[in-house]
Amino acid sequence: MSLSVSNPGHQPVGAVESASGYMALLQEDDVTLRSHALTKLLGCVDRLWHQVAESLPDLEAMAEDTDNPLQVQQTAAAVASRVFFHLEEPTQALRLALEAGTQHFDPMDDQSPYVQRLVSAALDAYIQKRQAQDDEEVDQAKESLVDLGLDMNQLQAMVHRLLEASCAAGKYDHALGIALEARETSQVQEILRAGGNSTSLLQYSIQAAANTVTSKSFRVEVLQVVVGALTVQFEEQNQTKVSYDLLLVHQHLNQALPVSRIMSKLLQGTEDEFLLALQLCFDLMDSGDQAFAQAVAEGIDQDGIGEANQGRSDKVQRVLVGGFSAELSLSFLHKESKADRMIMERLKTALEERSSGSRNSLLHTAAVVTHSYLYAGTTNDSFLRDYLDWMKKASNWAKFSATSSLGVVHASHGAEAMRLLEPYLPMEPSENTSVPGEGGFAEGGSLYALGLIHGSHAGSSASKRQETTEFLRTHLRTSHANEAQSHGAALGVGLTAMGTADLAVVNELKELLVTDSAVAGEAAGIAIGMVLVGTGAELGEIVAELKNYARETTHEKIIRGVAMGLALMSFGQEENADALIEEMRSDRDPVMRYGAQYAVALAYCGTGSNKAIRILLHAAVSDVSDDVRSAAVVGLAFVLFKTPERVPQLVSLLIESFNPHVRYASCMAVGIAMAGTGDADSVAMLEPMLDDMTDYVRQGALMGTAMIYMQQSDTCNGRKIRSFREKIYAIPSEKHHSILTKMGAILSQGIIDAGGRNCSLILGSRNGFTKMSSAVGLALWLQHWHWYPMLHMFSLALTPTVTIGLNKDFKFPKKFEIQCNSKPSAFAYPRKLEDKKEEKKKLVETVTLSTTAKEKARLARKRAKAGEVVVGEMDVDKGDESKSDEEGEKKENADSMEVDNEDEPEKKPKKKRVPEPTSFRVTNPSRITKAQSQACSFDLDQRYRPIRSEEKPMGVVMLTDSTPDEDEELGAVKSPSLEPDGELAPPEPFVWTPPAQPEKTEDDKKEE
């Protein structure tokens, strides 16, 4: 009996191609027929998969039936795998492809779309399976991929083959990326070894580990592998090339002692190595971790350096603990301040004209805070000196805020802090004197101001901070009876001792906490968090004590202070803080849940962790407390500040929420994330919120937009920034706006021009670290929703955008320049306001009707005939005659002018507008914003060149001199004087020679 089977591969012209014949053979008992049919189906499945899909159950059954020969099983699996591939189910296709064996599925064949898609699915499944072993919480999507019966051993073998093939092809970065995502430390080590531990590969691994690895424990393992390779190169090869990368890794690992050893070696090296050591010190200070810098300074081996290099060591110590980086910022902000005094003049006038009663108190406080923002770090308080009576209007806690604002204006001016605040500081406590229980607002504000002066910049002098801490601790111990003084002392101690983990200070703050004073207790809780910032679960006993006290007290302010303190302790801890966060999230008290959102934000600050984002978004839409939801939305900006463009995408729906607290928080989150970018899309997102029906939402929109527009020129966003500035200048003087809206407009005036227009809101350093002081300051500034004195914490979040090139003697060459490939107007300072000139009102002449003039003239003639002289009436006639004479003269003049015009030269043509240059040179020192640095580059052909030319031209740049024998034009860094106009420098020594007297003539002699 002959069997006729249609062959899809050889169909007559016009015939319909079909696989039904082969599919029918799958039901035969004969294994040979089924094998033949599977072979034919494998050849045509890519064209006829929609038909073969009907037999998928049979194909899978044949692949799993162990009674069939292995070849039949593998062929059936291969056919079914391709059907699933066309059905767009790559995971099922991968499962069957692995069962089909290498004969039917070769992952090295990268030309086939089928293989490429399955390789991608294999990598995803393997990575998710590996991550699921480490993470306690797995996405639902990930679980569906992991639990589909994929053999982990087969997957691992396949992925390792792919990694070997990539290394063989020289694609080490591709292989390294897969190994990092899969969290395989052994594979990372193998790939680095296969790549010869090249510098470029090691640098890539550092960046990838710091920016893409979400597991802190695995990140530490990878960086330790990198440290081993870099250490070998540092000791055996050219140490200057790898010292920067090695220091970077040790800083990520929080290992201060190895950094000290690197510094010690560089200090004993050549001139360039010494300059590199100074550059590394400035970069380290830019990260904002004062405690780490102090540990590095203490670990430098002074004996090993030798007396010959003692001068070098002193300069390194001056940068790390001597406060020189703070001096640089202070000097620049003072000299180059572009703050517009007219803003405060107009604001003061508007408030005096429009405000009254209790409203004036709130807006007056906002105006004083705005003044401190405008002049933050510039030491220019001339406006307050000129209007002392206006400032003295503040009373009670407003007086506390007004006094403490001086700490923002004089931030980093530690050398003169005590002299500056001497009129306000409380008397030194003694046994015979006691602190009164009432008043003390100015004294408490001055103690807070001391903390702001020393704590606003992480690079301030360590010795001055220690002295100030001891001074504040003295008042902290003796001021429990006065709530205002103890509040200011607690905040001041927290600022000066930030990150020191000094348990003696913590114990004194706990004594204040347990006094059960609401206002002072809140400050104590926050201060404990500042002192222990970033310690996490290392101090479990203190964490337990704080949580227990929060449950026992009845004061909401104390609970909030403790909650924020616990959040600050979680800074940078990532998954190590998960236990504490989970406990706070599940608490019945909404204030503790509120602190949990900030704990998530600070623990995962800058990591972009999907787990943290899920937690925050869940709370933002599900929690019953408005404060908790608001804090959760704002927390997104902290987690995603390194990828800020994601924040507007995430909150695009939240900003339209029915809940006004969520809308307010969305505005603030967008403002924080996109600060200083001038992003048009973000501004457009906030623009409808400026007219929101809720006043505090309008406040948040104004402040968020002001953050986005920080350090932007008048040409930003199609010049829309001008209309925004006009809006915030006008709102305080308009009656129909609410108090909170006016407050937002007033604060926005200070935010947009903060620090004399030389500061911006920057959470990350240029080396990729999260600035601890900035993150802490911003989190505490957001607490002004509950307590207005927290507004001054904005000073910690501000970063001066100064770029200055220094030589080895810490002087700046005036001839060093940086090339900026952009139009000057794109990054120019905004125009200052102009004083409106009041035009004198002209008297309008009374219009006299013709009938009235005729009547008066008739009466005057009648009286004249009667012999009466009336001056008023006669003047009318004279006026008419004079008018007619003037008209005649005008006609004559007009005729004569026509003749004269013929002799006059032609009018000069208007000057053509000169096109704006497309690039310009930036002098030393200058303001270079974060956006501007992308358009700037070093000119390596000039005399002075940066020691690290690959760095972005931003911040402090150490320079080498290519012609050291030539004369230099240098400038020195000087701290500002406390005098309003500064002290004049004494004149240079000189010798005065009187001019020669001319000889007397004979006429002169005769006259004598």
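Residue numbers (our numbering): 74 to 1081.
Ideal Cβ placement from N, Cα and C applies to all residues, glycine included.
Computed from a predicted structure; not experimentally measured.
Flag this pair as yes or no: are the beta carbons of M657 and A676 separated by less than 8 angstroms?
Taking the first residue of the sequence shown as position 1, residue 657 is located at position 584. Taking the first residue of the sequence shown as position 1, residue 676 is located at position 603. No, the pair does not count as a contact, with Cβ atoms beyond the cut-off.
Taking 8 angstroms as the cut-off, decide whether the C-beta atoms of V145 and S93 are in contact.
Your numbering for residue 145 matches position 72 in the sequence shown. Your numbering for residue 93 matches position 20 in the sequence shown. No; because the gap between Cβ atoms is not below 8 angstroms, this pair is not in contact.
Would T451 pass as a contact of P502 if the rule is Cβ separation under 8 angstroms?
Here residue 451 refers to the residue found at position 378 when the sequence shown is read from its first residue. Here residue 502 refers to the residue found at position 429 when the sequence shown is read from its first residue. No, Cβ-Cβ distance for T451 and P502 is not below 8 angstroms.
Just verifying my parser: in three-state terms, what is the DSSP assignment at F885?
On the sequence shown, position 812 is the one that residue 885 refers to. Of the three classes helix, strand and coil, the one that applies to F885 here is strand, per DSSP.
Check whether the Cβ atoms of K305 and T258 sit closer than 8 angstroms, and answer yes or no.
The residue you call residue 305 lines up with position 232 of the sequence shown. The residue you call residue 258 lines up with position 185 of the sequence shown. Checking the sequence shown, residue 305 turns out to be Val, not Lys. It is not a contact, given that the beta carbons lie outside the stated cut-off.
Residue range of the beta strand (DSSP E) that L813 falls in?
The sequence position of residue 813 within the sequence shown is 740, counting from 1. Note, L813: premise wrong, no beta strand (DSSP E); alpha helix (DSSP H) at 812 to 825.
Report yes if the C-beta distance between T1086 and I781 is below 8 angstroms; otherwise report no.
This structure cannot settle anything about residue 1086, because the visible part of the chain is limited to 74 through 1081.
Nearest CA to the CA of P331: which residue from E294, Q341, A370?
Within the sequence shown, residue 331 is the residue found at index 258, counting from 1. The candidate whose alpha carbon is nearest that of P331 is A370.
Can you tell me the Cα-Cα spacing of S477 and A1004, whole angstroms?
As a working mapping, residue 477 is identified with position 404 in the sequence shown. As a working mapping, residue 1004 is identified with position 931 in the sequence shown. Using only the alpha carbons, I get a separation of about 32 angstroms.
Restricting to runs no shorter than 4 residues, where is the alpha helix (DSSP H) found entirely within the region 597 to 673?
613 to 625, 629 to 642, 651 to 658
Residue range of the beta strand (DSSP E) that P1019 falls in?
To locate residue 1019, count along the sequence shown from 1; it is residue 946. Where P1019 is concerned, the enclosing beta strand (DSSP E) stretches over 1017 to 1019.
Sheet register partners of C893 (DSSP bridge):
Taking the first residue of the sequence shown as 1, we reach residue 893 at position 820. DSSP, once it has assigned bridges, lists F993, C1009 as partnering C893.
Assuming V1030 is part of the beta strand (DSSP E), what are its boundary residues?
As a working note, residue 1030 is residue 957 in the sequence shown. Counting along the chain, the beta strand (DSSP E) containing V1030 begins and ends at 1028 to 1034.
Just to confirm my understanding: we take R736, look at its own chain, exclude 5 residues before and 5 after, and list those with CB closer than 8 angstroms. What are they?
The residue given as residue 736 occupies position 663 in the sequence shown. Correct list, in chain order: L727, I728, E729, S730, M762, D765, T767, V770, G773.
Can you find the residues in the same chain that come closer than 8 angstroms, C-beta to C-beta, to M135, ignoring five residues on each side of it along the sequence?
What you label residue 135 is simply residue 62 of the sequence shown in a count that begins at 1. Excluding positions up to five away in sequence, the list reads L99, R107, L111, N141, V145, Q146, A149.
Taking the alpha carbon of F885 as the point to measure from, which residue in L169, L401, A439, A848 has its own alpha carbon closest?
For the purposes of this step, residue 885 is taken as the residue at position 812 of the sequence shown. Considering only alpha carbons, the answer is L401.
So, are the CB atoms of I825 and T872 less than 8 angstroms apart?
Translated into the one-based positions of the sequence shown, residue 825 becomes position 752. Translated into the one-based positions of the sequence shown, residue 872 becomes position 799. No, the pair does not count as a contact, with Cβ atoms beyond the cut-off.
State the Cα-Cα distance for the pair G301 and A230, rounded to the nearest angstrom.
Here residue 301 corresponds to residue number 228 of the sequence shown, with the count starting at 1. Here residue 230 corresponds to residue number 157 of the sequence shown, with the count starting at 1. Between G301 and A230, the C-alpha separation is close to 27 angstroms.
Taking 8 angstroms as the cut-off, decide whether the C-beta atoms of L723 and A705 are in contact.
Within the sequence shown, the letter at position 650 stands for residue 723. Within the sequence shown, the letter at position 632 stands for residue 705. Cβ atoms of L723 and A705: not closer than 8 angstroms.
Proximity winner among I686, H691, A693, D699, relative to V712 (alpha-carbon distances)
As a position in the sequence shown, residue 712 is number 639, starting the count at 1. When each option's Cα is compared against that of V712, the closest is I686.
Are the Cβ atoms of R120 and Q204 separated by less than 8 angstroms?
Here residue 120 refers to the residue found at position 47 when the sequence shown is read from its first residue. Here residue 204 refers to the residue found at position 131 when the sequence shown is read from its first residue. Taking 8 angstroms as the Cβ cut-off, R120 and Q204 do not qualify as a contacting pair.
At the level of alpha carbons, what is the spacing between S755 and A412?
As a first step, residue 755 must be located in the sequence shown, where it is residue number 682. As a first step, residue 412 must be located in the sequence shown, where it is residue number 339. If I take the Cα positions, the gap works out to 26 angstroms.
At which residues does the beta strand (DSSP E) containing S871 begin and terminate?
By 1-based counting over the sequence shown, the position of residue 871 is 798. Here residue 871 is Leu; the residue named in the question, Ser, does not match the sequence. It spans 871 to 873 - the beta strand (DSSP E) in which L871 sits, taken as one unbroken run.
Applying the 10 Å Cβ sphere with the 16-neighbour rule, what's the burial state of G613?
Within the sequence shown, residue 613 is the residue found at index 540, counting from 1. So G613 ends up on the exposed side.
Taking all protein chains shown into account, do 16 or more other C-beta atoms lie within 10 angstroms of the C-beta of L461, making it buried, or fewer, making it exposed?
Within the sequence shown, numbered from 1, the residue matching residue 461 stands at position 388. Under this definition L461 is an exposed residue.
Decide if E971 is buried, meaning its Cβ has at least 16 other Cβ atoms within 10 Å, or exposed.
Here residue 971 refers to the residue found at position 898 of the sequence shown. Confidence at E971 is low in this model, with a pLDDT of 43, below 50, so the placement of that residue should be treated as unreliable; the coordinate-derived value is given next. Looking at its Cβ environment, which holds fewer than 16 other Cβ atoms inside 10 Å, E971 is exposed.
I think S278 touches V295, with their Cβ atoms under 8 angstroms apart; what is that distance to the nearest whole Å?
Position 205 of the sequence shown holds residue 278. Position 222 of the sequence shown holds residue 295. Sure, about 7 angstroms apart at Cβ, within 8 angstroms.
Under a three-way DSSP split, which group does T588 fall into?
If you number the sequence shown from 1, residue 588 lands on position 515. Coil at T588, not helix or strand.
Since S833 is in the beta strand (DSSP E), which residue starts that stretch and which ends it?
Numbered from its first residue, the sequence shown carries residue 833 at position 760. Taken as a continuous stretch (DSSP letters only), the beta strand (DSSP E) holding S833 covers 832 to 834.
So, using beta-carbon positions, are Y187 and V232 closer together than 8 angstroms?
Here residue 187 corresponds to residue number 114 of the sequence shown, with the count starting at 1. Here residue 232 corresponds to residue number 159 of the sequence shown, with the count starting at 1. For Y187 and V232, no; Cβs fall outside 8 angstroms.
Buried or exposed for T996, going by 16 or more other Cβ atoms inside 10 Å?
Reading the sequence shown from its first residue, position 923 is the one you call residue 996. T996 comes out exposed.
Is it buried or exposed, R633, if we count other Cβ atoms within 10 angstroms and call 16 or more buried?
By one-based count along the sequence shown, residue 633 stands at place 560. Buried is the call here.
Who are the near neighbours of I601 in its chain, counting only those whose CB is closer than 6 angstroms to its CB and skipping five residues on each side?
Along the sequence shown, one-based indexing puts residue 601 at 528. Here the set comprises V579, L582, G638.
In whole angstroms, what separates the C-alpha of L191 from that of V701?
Working through the sequence shown from its first residue, we reach residue 191 at position 118. Working through the sequence shown from its first residue, we reach residue 701 at position 628. Cα to Cα, the separation comes out at about 44 angstroms.
Those residues which DSSP pairs with S445 across a bridge:
Taking the first residue of the sequence shown as position 1, residue 445 is located at position 372. DSSP lists no partner for S445.
What's the C-alpha gap between V211 and P862?
By 1-based counting over the sequence shown, the position of residue 211 is 138. By 1-based counting over the sequence shown, the position of residue 862 is 789. At V211 the pLDDT is 42, less than 50, meaning the model places this residue with poor confidence; the figure from the coordinates comes in the next sentence. Rounded to whole angstroms, V211 to P862 spans 42 angstroms at the Cα level.
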